[in-house]
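J.: After the structure tokens below, expect a handful of questions from me.
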Amino acid sequence: MGIIFVEKISENPAWIAGLALVGIVLIAAGLVLLFIYRKKVTVHELLDTVLLLVTVPKEVSEKEEEAKKQEKELISVAEQMYSGLGSLLSQKMPFLTPKIHFTLELASYKKEIFFYVNTPRKFKDYIEKLVHAQHPKAVIEIVKDYNIFFPRGVASAAQLKLRSDSMMPIRTYQKLESDPLNSMTTILSKLGDDEGAVIQVVFRMAPKTWRMKGLKFAHKMVEGKRPLGAAFSDTLSGAGQAFGRELGSVSKTGEQIRESMERERMEEEKLGRLSPLEEEKVKSIEEKANKTSFETKIRIVTSSVDKESSKHHLDNILNAFSQFDVPELNGFIPTRIFSERKIINDYVFRKFGGKAKMILNTEELTSIYHLPIRTTETPSIKRLEAKQAPAPASTPREGVSLGLNVYRGQKKDVKIKDEDRMRHMYIIGRTGTGKSVLLVNLALYNIKRGDGVCIVDPHGELVEDLLQHIPKERVEDIIIFDPSDVERPLGLNMLDYDQEHPEQKDFVVAEMIRIFEKLFPPEMIGPMFEHYMRNVMLTLLEDKENQGTITDIPRMFTDEAFQKYKLKFVKDPIVRSFWEKEMAKTSDFHKSEMLGYLVSKVGRFVENSMMRNIIGQPQSAFDIRNVMDSGKILMINLSKGKVGEINSSLLGLIIVSKIQMAALSRADMPADQRRDFYLYIDEFQNFVTDSVATILAEARKYRLSLTMAHQYIAQLAERSEAVRDSVFGNVGTVMSLRIGAADAEFMEKEFSPVFDQHDLINIDKYNAYVKMIIDNKPTKPFNVKLYSPPKGGDMKVAEAVKELSRLKYGKEKHKVEEDINRRSKLGEAESNLTPTLGSLK
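Numbering (numbering that gives the first Met the number 0), first residue to last: 0 to 840.
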């Protein structure tokens with residue numbers, strides 16, 4: 000049947016023509032469909048891409064000469080990345096799908112230079128792995144497209160091609176004396192505010208046959224210089240001619256004939272041998288062909304205020320490519336420009352486009368585009384100002400959040416357990432770097448959870464921010480201590496102690512002496528001051544019905560009636576001996592001298608009506624131990640602008656000391672009944688004495704967690720290095736926001752080898768480096784981005800809470816003054832019955 004059909008077709012030429020036409024139509028239709036399909040895939044590939052911004056830190060080299068020696072080695076890591084891409088692309092089938100291409104862009108705008116990679120979305124992770132394999136500290140982030148063009152700007156554009164065949168290599172970084180990137184970035188760095196430029200490199204895999212083509216090209220160069228057949232024929236011909244000449248000359252001997260033939264042979268060998276320059280050329284071609292190669296397009300686009308300026312910048316960048324020129328091999332030249340608009344359009348859409356392409360291998364591509372290295376000197380390059388590091392895998396899932404760890408595109412919420420917070424937290428950072436934001440977030444977490452909290456704030460802003468976010472269910476727990484509220488002052492008596500714990504008297508006296516040592520220069524405080532103050536305070540503490548206050552200290556030396564009254568409660572023989580023997584034998588002159596010495600320290604507080612109405616109240620407005628045990632919220636607003644710096648320091652020191660005393664008194668209750676209490680102190684160096692070591696070492700077992708924040712370490716060592724040593728020797732978690740150079744030198748010891756001084760100085764605002772403990776074990780440092788402060792807030796709630804607190808805990812001013820006046824008359828009724836110290840001389 001089939002044979003008959005074929006015979007009929009062969010007998011009818013019209014059938015043959017018809018079938019041929021159908022075949023042609025089917026083939027054409029298939030080609031059209033294939034073209035449409037590939038066009039759709041191409042458009043999809045163009046649209047489904049991501050733009051990656053790659054930034055690397057500035058690596059500091061201690062030895063510049065050594066870094067120079069390693070320069071080529073540092074550049075070469077980019078070759079490995081391109082080779083990795085070649086391995087990926089070589090697996091793709093180019094027939095049904097268009098060739099995949101990648102785009103590299105070195106862009107300059109807004110006075111900064113950026114390194115971009117545009118990749119199909121499906122290869123984003125692979126690109127990141129390639130980069131991080133060679134640059135572990137690099138940060139890669141998906142960004143929105145940038146724009147080098149400015150309003151009313153004028154653009155210029157050019158596209159490069161190779162001067163000779165692609166088989167011929169250009170000069171690469173291996174043959175250059177310095178990093179070629181420096182030349183290009185230096186030119187890009189000279190652009191003005193309203194100017195921009197970009198060097199765009201678009202590349203895709205070269206055909207698989209290209210390598211063999213290159214090797215054959217090199218082999219033909221050798222053959223073309225000395226073809227085997229021609230050389231043999233010429234040799235025979237030359238030998239025959241020489242032999243004929245010799246036979247025709249009877250005067251020549253056989254030896255002469257042999258010498259003549261040897262010369263002829265050596266000349267023939269010389270004609271067939273490559274010159275050193277030609278040998279080097281062949282070697283270069285073979286080396287190029289033996290490396291992974293890519294079809295490449297290079298475009299340069301500039302933008303400026305006028306055509307002349309943009310063309311000037313374009314020419315400068317083109318000149319930078321002359322460093323790759325090898326006269327006897329290859330180099331870059333601009334293509335003939337038919338339309339700058341098309342070049343700009345291809346740049347904007349990152350098309351491969353057109354037939355004018357060149358083939359560059361990994362070494363050549365690396366020479367044109369690689370990430371900055373240690374010796375890259377251009378300052379305007381967008382650098383990773385501070386390194387990043389991953390949070391530990393064992394980071395807890397419960398607890399308060401410190402921030403978000405971002406590392407290589409992975410984000411992780413970093414939390415810290417309550418138990419680890421009992422080992423305390425230290426936060427350092429310059430003004431405006433985010434300390435207050437961090438403290439608000441931490442404290443608000445505890446407040447909302449129902450914990451006991453105390454905030455010691457020397458600026459007032461922290462307290463004000465928190466008050467706007469107090470949950471309604473916690474309003475009744477708020478105690479606000481604000482000394483600037485002179486109409487309803489809250490009492491704060493350092494000499495007030497728990498009479499069920501008489502051992503606290505010694506703590507109170509010792510701590511008050513430390514407070515005065517903290518407030519005044521060492522030369523103003525000496526052993527005599529301590530001796531007198533100790534005995535005076537111990538005397539005042541003995542009167543349990545009318546507890547003494549700081550305001551009573553000067554009266555003990557100026558009011559003999561008051562002195563007699565208080566002395567009758569003293570049973571301690573050492574204290575009585577001080578008054579009855581030592582003071583009684585002291586001359587009036589020396590008494591007067593000592594009085595001036597003491598009053599100069601205490602008098603400034605007693606004579607200030609605001610302070611007198613606070614520290615002159617015998618009963619404190621709130622019981623710190625009760626605040627801790629019942630989980631209340633104590634907010635201490637010590638705004639220096641309203642209260643005064645030294646007054647703020649005194650009151651803060653008293654508060655912190657009383658908290659320490661209350662925490663230690665918890666020894667009288669079972670450990671499982673001690674409720675967690677969180678103390679936050681901003682500018683803490685103003686409010687702690689040398690006894691902070693006790694808090695840090697022992698407070699954990701009494702469930703007191705201390706979070707300390709301040710600006711710079713020198714603040715700790717101004718008065719006592721013991722405080723600094725206690726902090727860094729005991730805290731479990733350290734957080735460093737941006738700090739100064741002097742502090743970075745000290746803090747580097749805490750964060751090395753992961754982070755160095757450069758990182759600590761340059762970390763962005765609202766970011767921090769963290770060295771924390773997890774389950775009481777130290778971890779490697781890492782970075783976090785702080786969470787934003789809570790939004791909203793209700794000022795009406797804040798004002799209502801303030802009013803409720805002052806009514807609940809404050810005392811009317813006139814009543815306070817009446818009570819102080821009444822107490823000033825203590826002992827007058829007995830003045831005629833008891834001899835004064837003056838009579839005891």
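Yeah, the Cβ is synthetic: ideal placement off N, Cα and C, and Gly gets one too.
Checking 8 Å against the spacing of the C-beta atoms, do Arg-821 and Asp-484 come in under that value?
T.: Against a cut-off of 8 Å, the Cβ pair of Asp-484 and Arg-821 comes out as no contact.
J.: So for Gly-330, helix, strand or coil by DSSP?
T.: In this structure, Gly-330 counts as coil in the three-state DSSP scheme.
J.: With 16 other CB atoms within 10 Å as the buried threshold, where does Gly-791 fall?
T.: exposed
J.: Bridge partners for Asn-766 per DSSP, in chain order?
T.: Lys-784
J.: Just checking, does the region 625-640 make contact with the region 450-468 on the three C-beta pairs under 8 Å criterion?
T.: yes
J.: At 4 residues or longer, and completely inside the region 126-159: list those alpha helix (DSSP H) runs for me, N to C.
T.: none
J.: Roughly how many angstroms separate the alpha carbons of Phe-351 and Gly-428, rounded to a whole number?
T.: 49 Å
J.: Would a C-beta distance cut-off of 8 Å place Thr-361 and Ser-82 closer than the cut-off?
T.: yes
J.: Might you give, ordered along the chain, the residues of its own chain that have their beta carbon closer than 7 Å to the beta carbon of Trp-209, omitting 5 neighbours on each side?
T.: Ser-292, Ile-358
J.: Are the Cβ atoms of Leu-494 and Thr-548 separated by less than 8 Å?
T.: yes
J.: Starting from the Cα of Val-53, find the closest Cα among Phe-114, His-100, Tyr-108 and give me that residue.
T.: Phe-114
J.: How big is the Cα-Cα spacing for Lys-98 and Pro-752?
T.: 44 Å
J.: Can you tell me the Cβ-Cβ gap for Asp-481 and Asn-612, rounded? I've got them flagged as a contact below 8 Å.
T.: That pair is no contact at about 13 Å.
J.: Could you give the distance in angstroms between the alpha-carbon of Val-200 and the alpha-carbon of Gly-330?
T.: Rounded to the nearest whole angstrom, the CA to CA distance from Val-200 to Gly-330 is 16 Å.
J.: Which class does Gly-83 belong to by DSSP, given the choice of helix, strand or coil?
T.: helix
J.: Roughly how many angstroms lie between the CA atoms of Phe-231 and Arg-340, to the nearest whole one?
T.: Confidence in Phe-231 is poor, its pLDDT being 35 and thus under 50, which makes the residue's placement unreliable; the coordinate value appears in the next sentence. Approximately 58 Å between the Cα atoms of the pair.
J.: Are the beta-carbon atoms of Ser-647 and Leu-695 separated by less than 8 Å?
T.: no
J.: Of all the options Ala-620, Glu-72, Lys-639, Leu-678, which has the alpha carbon lying nearest to the alpha carbon of Leu-489?
T.: Ala-620
J.: So if DSSP puts Asp-681 in a beta bridge, which residue, or which two residues, is it bridged to?
T.: Ala-708
J.: Specify the secondary structure class of Tyr-108 as computed by DSSP and reduced to three states.
T.: strand
J.: Which residues bound the alpha helix (DSSP H) around Ala-740?
T.: 740-750
J.: Just confirm the distance between the C-beta atoms of Asp-417 and Lys-631, as a whole number of angstroms; I'd bet it's less than 8 Å.
T.: The Cβ separation is near 18 Å, so there is no contact.
J.: Excluding the five sequence neighbours on either side, which residues of its own chain have a C-beta within less than 6 Å of the C-beta of Thr-394, listed in chain order?
T.: Val-413
J.: Scan the region 417-467 and note each continuous alpha helix (DSSP H) run of 4 residues or more that stays entirely inside, going in chain order.
T.: Taking only runs of at least 4 residues, the alpha helix (DSSP H) segments lying wholly in the region 417-467 are 417-420, 434-448, 460-466.
J.: Counting along the chain, where does the beta strand (DSSP E) carrying Glu-176 start and finish?
T.: Premise fails: Glu-176 is in no beta strand (DSSP E) and is neither H nor E.
J.: In whole angstroms, what is the alpha-carbon distance linking Ser-664 and Lys-543?
T.: 19 Å
J.: Please classify Phe-754 as buried or exposed, where buried requires at least 16 other C-beta atoms within 10 Å of its C-beta.
T.: Buried.
J.: For the region 625-671, which segments carrying the beta strand (DSSP E) assignment without a break, of at least 3 residues, lie completely within its bounds, in sequence order?
T.: 632-636
J.: Hey, would you say Ile-284 sits closer than 8 Å to Phe-216, going by beta carbons?
T.: yes
J.: Quick one: Cα of Asp-419 to Cα of Asn-782, how far?
T.: Near 18 Å, if we compare the C-alpha coordinates of Asn-782 and Asp-419.
J.: How is the alpha helix (DSSP H) around Asp-412 delimited, first residue to last?
T.: Here Asp-412 belongs to no alpha helix (DSSP H); instead the beta strand (DSSP E) covers 409-415.
J.: Which same chain residues end up closer than 8 Å to Asp-192 when comparing Cβ atoms and leaving out the 5 residues on each side of it in sequence?
T.: Spatial neighbours of Asp-192 in its own chain (CB-CB distance under 8 Å, excluding positions within 5 residues in sequence) are listed in chain order as Lys-109, Lys-110.
J.: Let me confirm a value: Asp-671 is counted as buried when at least 16 other C-beta atoms fall within 10 Å, else exposed. Which label applies?
T.: exposed
J.: Using the DSSP secondary-structure output, state which residues sit across from Gln-199 in a beta bridge.
T.: Glu-104, Arg-298
J.: Taking only three categories from DSSP, how would you classify Asn-761?
T.: helix
J.: Do the region 799-814 and the region 764-781 make contact, defined as three or more Cβ pairs closer than 8 Å?
T.: no
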